[in-house]
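A.B. asks: My questions all concern the structure below.
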Amino acid sequence: MMTNTGDSDSLTEALQAISVSTELIEEELKPHLDTILAAQLEKKKDIAVQIAKSGILPILAQALQNKSSLSCQVALVVAEMAREGAVRGLCIEAGLVKVLVPHLDSSEPEMLLNTGRAIGRICFDNHSAREALIEVDVGDVLIFQLKRAPDAERQHAILEILGSLAENDILKFQFVESGIPEALSELIKGLQGCSDPATLCSIKIASNLIVSLLLGDESMQKCFSEGSGMVYQDVLSWLQSSNTQLQLSGSLAIANFARNDSNCVKMMDLGVVPHILTMLEQHIDEGDVSVLHAGLSALRNLAIPATNKLRMMEDGVAVRIKSLLRSDMPPVQFKLLGTLRMMVDGQEEAAMVLGTDATLLCRVTEWCEAKDHVGLRGEASRLLSALIRHSRRPGVIHAIVKANGIRHLISMSKSEHVIMQNEALVALAIASAINIESMKDLFMETKLLTLLKKMLEDSSATAEVKYSALGLICSLAKSGVMNAKLEEVNMKDSLNKLTDHSNSQLASQASSTLALLGDTS
Numbered sequence: 024m025m026t027n028t029g030d031s032d033s034l035t036e037a038l039q040a041i042s043v044s045t046e047l048i049e050e051e052l053k054p055h056l057d058t059i060l061a062a063q064l065e066k067k068k069d070i071a072v073q074i075a076k077s078g079i080l081p082i083l084a085q086a087l088q089n090k091s092s093l094s095c096q097v098a099l100v101v102a103e104m105a106r107e108g109a110v111r112g113l114c115i116e117a118g119l120v121k122v123l124v125p126h127l128d129s130s131e132p133e134m135l136l137n138t139g140r141a142i143g144r145i146c147f148d149n150h151s152a153r154e155a156l157i158e159v160d161v162g163d164v165l166i167f168q169l170k171r172a173p174d175a176e177r178q179h180a181i182l183e184i185l186g187s188l189a190e191n192d193i194l195k196f197q198f199v200e201s202g203i204p205e206a207l208s209e210l211i212k213g214l215q216g217c218s219d220p221a222t223l224c225s226i227k228i229a230s231n232l233i234v235s236l237l238l239g240d241e242s243m244q245k246c247f248s249e250g251s252g253m254v255y256q257d258v259l260s261w262l263q264s265s266n267t268q269l270q271l272s273g274s275l276a277i278a279n280f281a282r283n284d285s286n287c288v289k290m291m292d293l294g295v296v297p298h299i300l301t302m303l304e305q306h307i308d309e310g311d312v313s314v315l316h317a318g319l320s321a322l323r324n325l326a327i328p329a330t331n332k333l334r335m336m337e338d339g340v341a342v343r344i345k346s347l348l349r350s351d352m353p354p355v356q357f358k359l360l361g362t363l364r365m366m367v368d369g370q371e372e373a374a375m376v377l378g379t380d381a382t383l384l385c386r387v388t389e390w391c392e393a394k395d396h397v398g399l400r401g402e403a404s405r406l407l408s409a410l411i412r413h414s415r416r417p418g419v420i421h422a423i424v425k426a427n428g429i430r431h432l433i434s435m436s437k438s439e440h441v442i443m444q445n446e447a448l449v450a451l452a453i454a455s456a457i458n459i460e461s462m463k464d465l466f467m468e469t470k471l472l473t474l475l476k477k478m479l480e481d482s483s484a485t486a487e488v489k490y491s492a493l494g495l496i497c498s499l500a501k502s503g504v505m506n507a508k509l510e511e512v513n514m515k516d517s518l519n520k521l522t523d524h525s526n527s528q529l530a531s532q533a534s535s536t537l538a539l540l541g542d543t544s
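Heads up, the final residue of the sequence shown is numbered 544 in this note's numbering, and it's a clean run with no missing numbers.
Next comes the structure, spelled out in structure tokens:
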């Protein structure tokens, strides 16, 4: 451990020795590099900056350019320095990227990995890296190396480098321009059918890397190419593969392609949904939770455009997807609820079909009571609210009342999340306006009126929540029984205070609600 003055002096001596070198005498440089590397591994604050500013970077660049026997150690030293953001620009100024790239041709795995890590870290989150990267064509070099890799070990090394470099947004698009996704797809095609661990590992790394490259918008659009791109076509075949990893990566890739409406509509035209559904059905019973989760994410994204929602209902997606209701895996249940909620968003008929399905409602209300999963409880309640808000049909209200779903909406109205509070209050207002008789006893049992009064008087509650609460009070006021109960809790007093609220819309609504309660003064 380098913790005393002597250790600090050793580093200073090593830096001075290297920085004043006019000739690279490898036997003399090696112990100094050992000292510098040891100092960096201590991870002391600003040590990398001290090293970078000592003047040794050009010497290190020269060692790499000459491909000396110390190149592997030098690349490691640079890789450790480049962990610090403050030194990355200095590394580029010293020309280190340019002299590192030729070492990607190395036949030595350690040299290859040290070089890849050094380049990746120098370029990570570094906008000044753009010109340096354009000059050296890293993508072309790595494609060449990938295609001629003699064994799985070298493949893995190159794939690891690609993965490290692909974290840089600039390189994502450069890699796509160089044809790396296509090269990876070809690699995967050649490896399919083999079941040895090394091959399966290569398939996993390569498919994950393609998914990573699709995170860039420009990269994703180029690979999609209006649905005709080779990468997109291969991704479709992954969904139909027996390889679970490819099914997972394929689902994640589709979810990435579905980041804009035009792509979603195009993929719907090209028939991607049946492939996703068939894949999901294979994993329902004791299947892979990651595949189910990713597949549902892809379906949810595809269901965002309104035209796709209608087509998915017409194609029977709701019927097939409901088979997942029997899943006992909370992450799958959560994602299923979100997918169904997206499908009914703004779609009256879809909300009517799902909102009157007794089996679905029974399962959803069961999830509303999931003790150990707050997110699942919230998502289940949000689906009940969505079914009411988007259908506004007596049949749906009746079915949800029968399934004891109204109780969960009342609980949801107490949520600390404003969006959930509003969704619950609006759904309760609609349900009350349509069928107050079936709910009034439950409202009294749960002390809903007292809760609404507190919302109106709570100084920390948003105007939006207060406005939604007023909407529910208006629905209740139209019932003679509930109007009397509102009188009993002195709701008028709370409403009167709101008529002077700084939010004019809220103040006006409070006055209108007062009028409904019989106070027009």
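Backbone N, C-alpha and C fix where the C-beta goes; we use that ideal spot for every residue, glycine too.
When you compare only the Cα positions, how much space is there between Ile82 and Cys287?
C.D. replies: Taking the first residue of the sequence shown as 1, we reach residue 82 at position 59. Taking the first residue of the sequence shown as 1, we reach residue 287 at position 264. Each residue's alpha carbon lies about 53 Å from the other.
A.B. asks: Can you say whether Ala229 is buried or exposed, counting buried as having 16 or more other CB atoms within 10 angstroms of its CB?
C.D. replies: As a working mapping, residue 229 is identified with position 206 in the sequence shown. Flag for Ala229 reads buried.
A.B. asks: In chain order, what residues of the same chain lie with their CB nearer than 6 Å to the CB of Asn458, ignoring the 5 residues before and after it?
C.D. replies: Here residue 458 corresponds to residue number 435 of the sequence shown, with the count starting at 1. Closer than 6 Å at the Cβ level, and outside the excluded window around Asn458, lie Ile420.
A.B. asks: Tell me which residues share the same chain as Glu487 and place their Cβ nearer than 7 Å to its Cβ, disregarding the 5 neighbours each side in the sequence.
C.D. replies: Mapped onto the sequence shown, residue 487 falls at position 464. The answer, listed in chain order, is Val441, Asn445.
A.B. asks: Enumerate, from N- to C-terminal direction, the unbroken alpha helix (DSSP H) stretches of 4 or more residues contained entirely within the region 255 to 327.
C.D. replies: Those alpha helix (DSSP H) runs which fall completely within the region 255 to 327 and span 4+ residues are 267 to 280, 284 to 292, 295 to 305, 312 to 325.
A.B. asks: Does DSSP put Ile59 in a helix, in a strand, or in coil?
C.D. replies: Position 36 of the sequence shown holds residue 59. DSSP places Ile59 in helix when its eight states are reduced to three.
A.B. asks: In this structure, does DSSP put Pro220 in helix, strand or coil?
C.D. replies: Reading the sequence shown from its first residue, position 197 is the one you call residue 220. Helix.
A.B. asks: Would you report the Cα separation of Lys358 and Met365, rounded to the nearest angstrom?
C.D. replies: Position 335 of the sequence shown holds residue 358. Position 342 of the sequence shown holds residue 365. Spanning the two alpha carbons is a distance of roughly 11 Å.
A.B. asks: Less than 7 Å between C-beta atoms, sequence neighbours within five positions excluded: which residues of the same chain meet that for Thr379?
C.D. replies: Sequence index remark: in the sequence shown, residue 379 carries index 356 (1-based). Closer than 7 Å at Cβ, skipping near neighbours: Gly418, Val419, Ala422.
A.B. asks: Where does Ile184 sit, in a helix, a strand or coil, going by DSSP?
C.D. replies: The residue you call residue 184 lines up with position 161 of the sequence shown. Ile184 falls in the helix class under three-state DSSP.
A.B. asks: Out of Ala180, Arg323, Ile184, which has the shortest C-alpha to C-alpha gap to Gly162?
C.D. replies: Translated into positions along the sequence shown, residue 162 becomes position 139. The shortest C-alpha separation from Gly162 is found at Ile184.
A.B. asks: Buried or exposed: where does Asn324 fall if 16 or more other Cβ atoms within 10 Å of its Cβ makes it buried?
C.D. replies: For the purposes of this step, residue 324 is taken as the residue at position 301 of the sequence shown. The residue is buried, with at least 16 neighbouring Cβ atoms inside 10 Å.
A.B. asks: Could you compute how far the alpha carbon of Glu510 sits from the alpha carbon of Leu238?
C.D. replies: Within the sequence shown, the letter at position 487 stands for residue 510. Within the sequence shown, the letter at position 215 stands for residue 238. Their Cα atoms are separated by approximately 57 Å.
A.B. asks: Could you have a look at Asp516 and say whether DSSP puts it in helix, strand or coil?
C.D. replies: Counted from its first residue, the sequence shown places residue 516 at position 493. Note: Asp516 maps to helix in three-state DSSP.
A.B. asks: DSSP three-state call for Asp464: helix, strand or coil?
C.D. replies: Position 441 of the sequence shown, counted from the first residue, corresponds to residue 464. Helix, per DSSP.
A.B. asks: If you drop the 5 nearest sequence neighbours on each side, which residues of the same chain put their C-beta closer than 6 Å to that of Ala447?
C.D. replies: Position 424 of the sequence shown, counted from the first residue, corresponds to residue 447. If we look at Ala447 and ignore the five residues flanking it on each side, its Cβ neighbours are Ser408, Leu432, Met435, Ser436.
A.B. asks: Provide the residue span of the alpha helix (DSSP H) that contains Cys497, from first to last.
C.D. replies: Translated into the one-based positions of the sequence shown, residue 497 becomes position 474. Unbroken alpha helix (DSSP H) run through Cys497: 486 to 500.
A.B. asks: If we count the other Cβ atoms within 10 Å of its Cβ and call it buried at 16 or more, is Asp257 buried or exposed?
C.D. replies: Counting from one through the sequence shown, the residue named residue 257 turns up at place 234. By the 10 Å Cβ count, Asp257 comes out buried.
A.B. asks: Between which two residues does the alpha helix (DSSP H) carrying Cys391 extend?
C.D. replies: Here the question's residue 391 lines up with position 368 in the sequence shown. From DSSP, Cys391 is part of no alpha helix (DSSP H); its letter is neither H nor E.
A.B. asks: Taking 8 Å as the cut-off, does the region 307 to 320 touch the region 283 to 298 (at least 3 CB pairs, one atom from each stretch)?
C.D. replies: They do not touch, by the three-pair rule.
A.B. asks: With burial defined as no fewer than 16 other Cβ atoms inside 10 Å of the residue's Cβ, what is the status of Ser19: buried or exposed?
C.D. replies: Lying outside 24 to 544, the shown extent of the chain, residue 19 is not represented and no answer is given.
A.B. asks: Can the beta-carbon of Thr522 be found closer than 7 Å to that of Ala538?
C.D. replies: On the sequence shown, position 499 is the one that residue 522 refers to. On the sequence shown, position 515 is the one that residue 538 refers to. Result no, Cβ atoms of Thr522 and Ala538 do not sit closer than 7 Å.
A.B. asks: How many Å lie between Gly330 and Ala317 at the Cα?
C.D. replies: Within the sequence shown, the letter at position 307 stands for residue 330. Within the sequence shown, the letter at position 294 stands for residue 317. The amino acid at residue 330 is misidentified as Gly; the sequence shows Thr. C-alpha separation (whole angstroms): 22 Å.
A.B. asks: What are the complete alpha helix (DSSP H) segments, minimum 4 residues, inside the region 98 to 156?
C.D. replies: Runs of the alpha helix (DSSP H) inside the region 98 to 156: 108 to 116, 119 to 123, 132 to 146.
A.B. asks: If you reduce the DSSP assignment to three classes, tell me which class Ser33 lands in.
C.D. replies: Here residue 33 refers to the residue found at position 10 when the sequence shown is read from its first residue. Helix, per DSSP.
A.B. asks: How would you label Gly428, buried or exposed, when you count the other beta carbons within 10 angstroms and need 16 or more for buried?
C.D. replies: Here residue 428 is taken as the residue at index 405 of the sequence shown, counted from 1. When all chains shown are included, Gly428 counts as buried.
A.B. asks: Threshold first: 4 residues or longer. Then list the alpha helix (DSSP H) segments lying entirely within the region 409 to 485, N to C.
C.D. replies: Runs of the alpha helix (DSSP H) inside the region 409 to 485: 417 to 425, 429 to 435, 441 to 458, 463 to 468, 471 to 480.
A.B. asks: By Cβ distance, which residues of its chain are closer than 6 Å to Asn526, with the 5 residues on each side in sequence left out?
C.D. replies: Within the sequence shown, the letter at position 503 stands for residue 526. Only Ala486 meet the Cβ criterion.
A.B. asks: So what's Lys12 in DSSP terms, helix, strand or just coil?
C.D. replies: Look at the range of the chain in this structure, 24 to 544, and you will see that residue 12 is not part of it.
A.B. asks: Between the alpha carbons of Ile203 and Ile166, how many angstroms are there, rounded?
C.D. replies: Residue mapping note: residue 203 aligns to position 180 of the sequence shown, counting from 1. Residue mapping note: residue 166 aligns to position 143 of the sequence shown, counting from 1. Answer to the nearest angstrom: the Cα atoms are 6 Å apart.
A.B. asks: As a quick exercise: from Lys53, Asp57, Asn279, Ala456, pick the residue whose alpha carbon is nearest that of Ser502.
C.D. replies: Counting from 1 along the sequence shown, the entry for residue 502 is found at position 479. Considering only alpha carbons, the answer is Ala456.
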